[in-house]
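Engineer: Counted the way our numbering counts, the sequence shown spans residues 5 to 81.
C-beta atoms are modelled at their ideal positions from N, C-alpha and C, and glycine is treated no differently.
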Amino acid sequence: MKGADLRGADLRGAKLIYTNLDGANLKGANLKGVILFAVNLNQANLVGTDLSETTLIKTDTRYTILSESEENQDIKY
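(1) Got a sec, what are the start and stop residues for the beta strand (DSSP E) L30 sits in?
(2) Which whole-angstrom value is the C-beta distance of T105 and L45, which I expect to be below 8 angstroms?
(3) Compute the Euclidean distance between the alpha carbons of Y22 and A28, then round it to the nearest angstrom.
(4) Would you identify the three-state DSSP class for K19, choosing helix, strand or coil?
(5) Excluding the 5 residues flanking M5 on each side, which residues of the same chain have their C-beta closer than 7 angstroms to its C-beta?
(6) Report the option in T68, K19, R11, N34 whose CA atom is closest to the CA atom of F41.
(7) By alpha-carbon positions, which one of G37, K31, A48 ends up nearest to Y67?
(8) Per DSSP, what are the beta-bridge partners of N24 in this structure?
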């Protein structure tokens, strides 16, 4: 899914395991309650996403764009 266009996608409660989202566009996506295990988010666009109750385990977030994401996030690492 490298470079995937997932703008505005509703991924609430999804479990993404060993997924390559390098350079993916997730602008405005709903990632509430998502579990990300060993996911590559390098250079992904997460502008304006809902990351509440999201869990990141062994996830690469280098150069990930997080501006304008929902406030009061409960992100677990």
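Structural biologist: To lay it out plainly:
(1) Walking along the sequence shown from the start, residue 30 turns up at place 26. No beta strand (DSSP E) holds L30; DSSP gives it neither H nor E.
(2) Any property of residue 105 remains undetermined from this structure, which presents the chain solely from 5 to 81.
(3) To locate residue 22, count along the sequence shown from 1; it is residue 18. To locate residue 28, count along the sequence shown from 1; it is residue 24. Distance between the alpha carbons of Y22 and A28 is about 15 angstroms.
(4) Along the sequence shown, read from residue 1 onward, the residue named residue 19 stands at position 15. It is a strand residue.
(5) Locating residue 5 in the sequence shown gives position 1, counting from the first residue. Here the set comprises T23, N24, L25, A28.
(6) For this step, residue 41 is matched to residue 37 along the sequence shown. Nearest Cα to F41 within the set T68, K19, R11, N34: K19.
(7) For the purposes of this step, residue 67 is identified with residue 63 of the sequence shown, where counting begins at 1. Closest by alpha carbon: A48.
(8) Here the question's residue 24 lines up with position 20 in the sequence shown. Bridge partners of N24 according to DSSP: N44.
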